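Keeping their order, the protein sequence lines are chains H and R.
Using the numbering used here, read the first sequence as starting at 1 and increasing by one per residue.
Using the numbering used here, read the second sequence as starting at 345 and increasing by one per residue.
The C-beta atom is built at its ideal place from N, Cα and C for all residues, glycine as well.
Just so you know, these numbers come straight off a predicted model, no measurement behind them.
Taking it in order: structure first as structure tokens, then the write-up.
2 protein chains.
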Amino acid sequence: MGKEKVAIIGSGNWGSAIARLAGLNVSKHTDVFDDSRVPIWVFEEDFEGKKLTEIINESHENKKYLPGIQLPENVVAIPDLEEAVKDATALVFVMPHQFLAKTLDILDGKVNKNAKAITLIKGVEVKGADIHIFADVIEKRLGISTSALSGANIANEVAKDTFSETTVGYRTEEDGKLWQKLFQTPNFKVQLIDDVAGVSLCGALKNIVAVAAGFVDGLGYGDNSKAAIMRIGLLEMKHFCQEFFDNVKEESFLQESSGVADVITSCLGGRNKRVAEAFVKEKKPFDELEKKMLNGQKLQGIHTAKDVHVFLKERDRIGAYPLFDKVYQISWEDLPVAKLTEGL
Amino acid sequence: MGKEKVAIIGSGNWGSAIARLAGLNVSKHTDVFDDSRVPIWVFEEDFEGKKLTEIINESHENKKYLPGIQLPENVVAIPDLEEAVKDATALVFVMPHQFLAKTLDILDGKVNKNAKAITLIKGVEVKGADIHIFADVIEKRLGISTSALSGANIANEVAKDTFSETTVGYRTEEDGKLWQKLFQTPNFKVQLIDDVAGVSLCGALKNIVAVAAGFVDGLGYGDNSKAAIMRIGLLEMKHFCQEFFDNVKEESFLQESSGVADVITSCLGGRNKRVAEAFVKEKKPFDELEKKMLNGQKLQGIHTAKDVHVFLKERDRIGAYPLFDKVYQISWEDLPVAKLTEGL
């Protein structure tokens, strides 16, 4: 058996933080990994008059998306996707979800059939009454075993090496151990669980809960209400996944970093919480706040709430998820935000 | 069957907040409760030149412990404990734990044998290798069925009627329904669970976790670390109760307001979190901070950590609870706080 060759597909804030860990571990575990280098695919753009790949490869810092953090020298930025994944046996998908489809179009047929993948992409793909996690989308398209990683992971904090945890939902135990080897450090604890769907869905659905928490903060209701909303949201997440996916494990929600801990982190800070709070306090529409506060990027939580609403409507199950429905109605149907807790 | 006669034993911040709910519900559910009045036992003291019972009975406000909140007129302050509980069939214990023993001495033999009780007292009684919840202490001493209530309940927020939840661990389902009738309002949701021990222990052990969260904030580690500590703490709470108590339900910790939600509230704000944060930032000993920040009152979390340490040492089980042990060692044994996350 040859050694594993890693490729990181995506180089934003989280992609750069995780590339740092991968670079360190590939050099450390030379029995498992090819230690020559960790290619990281970078969507080429100019930054301060220079190409971003050049900046990364010369300064070993992603000055645009993770400034101030030194990357190991074996992390090599590559602007060509096919070249970045050439011969790779361990693919790490870490990019905004809207770029995944195009990325898979390019990769289709060009990936080693014995490779395995892991996705760190947040979100789900909803088409009417169908819902798919990205691990399944990748696995189906490329024909390779795909796990998922999600947890209470603010990228900048992981990059600064403060104590953090995360959860890998693995497809096979062997895959799980490989991903743990690639990412775990003394201050970044990787827990393993046999539940790709649960871990993936936590990462998507927690953003709805974070929007609700932002509403509570905007209303000035206090910590009792906020904790209640987080608790109810966590249970709706669990309930949703148990209803619509097979073999989901309760622990992914109630005991793992992917569930309870990520809900906490997302509801304490994070963009979903902050923008939802501003929505209540500033009384401005979400598209205006997205422009102002997120540089025009979309606010994930309200879009996931809409996707989930469409899906639940098709399945005639809206009533079983009152908090998700409240977030949808407040965000998209002009329900007054003061109605949030009514009837929960 | 006669109607239930309620008595509230204790009139601090939480006692006054809960007396307000009881007063409202006794008037509302006249089929179940005697609606003439809700006696609340008040440890008599002078406040602003007047007796506290007189202030409460004239102004219908506990100006010392819950200022600014109107109490229903049927809540009547009584300075004599025996008189307050006379003929009562539903006793609500809500006082600092250090006053319970003396209170039980007075009540012993004077309580209706068909009465039932509920305790809202936080803490546990540890004597070497023995540990007891207060519901058991009350039940054994007075010979009456005793439930427990605990949840994400900052008293001032409950008093102001913002959306909150709580959990009643009941001794019998009938008792549970009675306590729900006494406390539940549209904005104060009472969940019932058949687990007196789990609910009681949550209320005691969460303070240790809140101290750990305060240490994290003092260290400036950020939200990933804080969420990780809260998650680990919640699991140690559950593990502890499952190891040392019979018939504890996992849900009390992972799904109920008593568990996950109260851990959240306590770690967001609350005195344990705040004083522990100051311990790190101001580098002053806890007894000095207790004097300065708590008016000389004891910080529950560090004392519970010590009780739990003594108990676990007797049982030779310290190693199974690394976070509890770290809180103990940092608080009482001069372990540097930066060691908090090491080896977790």
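Annotation: Cβ neighbours of residue 575(R) in chain H (cutoff 9 angstroms, chain order): 152, 165, 255, 256, 257, 259, 260, 261 and 264.
Excluding the 5 residues flanking it on each side, residue 501(R) has same chain C-beta neighbours closer than 8 angstroms at 508, in chain order. When only Cα atoms are considered, residue 420(R) and residue 351(R) end up about 10 angstroms apart. Within 7 angstroms of the CB of residue 235(H), the CB atoms of chain R belong to 599, in sequence order along the chain. Apart from the 5 residues on each side of it in sequence, residue 327(H) sits with its Cβ closer than 6 angstroms to the Cβ of 208, 211, 212 and 305 in its chain, given in chain order. The count of Cβ pairs closer than 8 angstroms, one atom from the segment 170-182 of chain H and one from the segment 222-232 of chain H, stays below three, leaving the stretches out of contact.
In the structure shown, the three-state DSSP call for residue 577(R) is helix. For residue 666(R), the enclosing alpha helix (DSSP H) begins and ends at 666-676. A distance below 7 angstroms separates the beta carbons of residue 166(H) and residue 190(H). Using a C-beta cut-off of 8 angstroms, the segment 246-253 of chain H makes no contact with the segment 132-139 of chain H, since fewer than three inter-stretch Cβ pairs fall below that distance.
Chain-ordered listing is empty here: chain H has no CB closer than 8 angstroms to the CB of residue 514(R), the nearest sitting near 20 angstroms. Remark: C-beta atoms of residue 81(H) and residue 41(H) approach each other more closely than 7 angstroms. For secondary structure counted as the beta strand (DSSP E) over 3 or more consecutive residues, the segment 16-45 of chain H holds these complete runs in sequence order: 38-41. Residue contact check for residue 613(R) against chain H: a CB pair falls below 7 angstroms. For residue 268(H), there are no CB contacts under 6 angstroms within the same chain when 5 residues up- and downstream are skipped.
Taking 7 angstroms as the CB threshold, residue 321(H) stays off the interface with chain R.
One thing to note: residue 124(H) has its Cβ within 7 angstroms of the Cβ of residue 133(H).
Unbroken alpha helix (DSSP H) stretches of 4 residues or longer found wholly inside the segment 181-261 of chain H: 196-219, 223-244 and 250-254, given in chain order. By a beta-carbon distance limit of 8 angstroms, residue 623(R) contacts residue 562(R). Their separation comes to about 7 angstroms.
In this chain, the alpha helix (DSSP H) harbouring residue 100(H) covers 100-107.
For residue 561(R), no Cβ of chain H is located within less than 7 angstroms of the residue's own Cβ.
Spatial neighbours of residue 673(R) in its own chain (CB-CB distance under 6 angstroms, excluding positions within 5 residues in sequence) are listed in chain order as 679. Going by DSSP, residue 132(H) is part of the beta strand (DSSP E) stretching over 130-133.
Under the three-state reduction of DSSP output, residue 167(H) falls in the strand class.
With a threshold of 7 angstroms between beta carbons, residue 252(H) makes no contact with chain R. Annotation: residue 654(R) to residue 387(R) spans about 32 angstroms, alpha carbon to alpha carbon. At a cut-off of 7 angstroms, the C-beta of residue 228(H) has a neighbouring C-beta in chain R. Ranking 494(R), 390(R), 455(R) and 499(R) by CA distance to the CA of residue 423(R) puts 390(R) first.
According to the DSSP secondary-structure assignment, residue 288(H) is paired through a beta bridge with no residue.
Rounded to whole angstroms, the gap between the alpha carbons of residue 35(H) and residue 74(H) is 8 angstroms. Setting aside the 5 residues that flank it on each side, residue 53(H) is surrounded in the same chain by 42, 44, 77, 78 and 79, each with a C-beta closer than 8 angstroms to its C-beta; the list follows chain order. Taking 7 angstroms as the CB threshold, residue 195(H) stays off the interface with chain R. Judged by DSSP secondary structure, residue 427(R) falls within the alpha helix (DSSP H) whose first and last residues are 425-429. Residue 188(H) has its alpha-carbon roughly 30 angstroms from the corresponding atom of residue 547(R). The C-beta distance from residue 112(H) to residue 87(H) rounds to 7 angstroms, short enough to fall under 8 angstroms. Within chain R, the residues 496, 497, 498, 501, 502, 506, 508 and 609 have their CB atoms less than 7 angstroms from the CB of residue 224(H), given in chain order.
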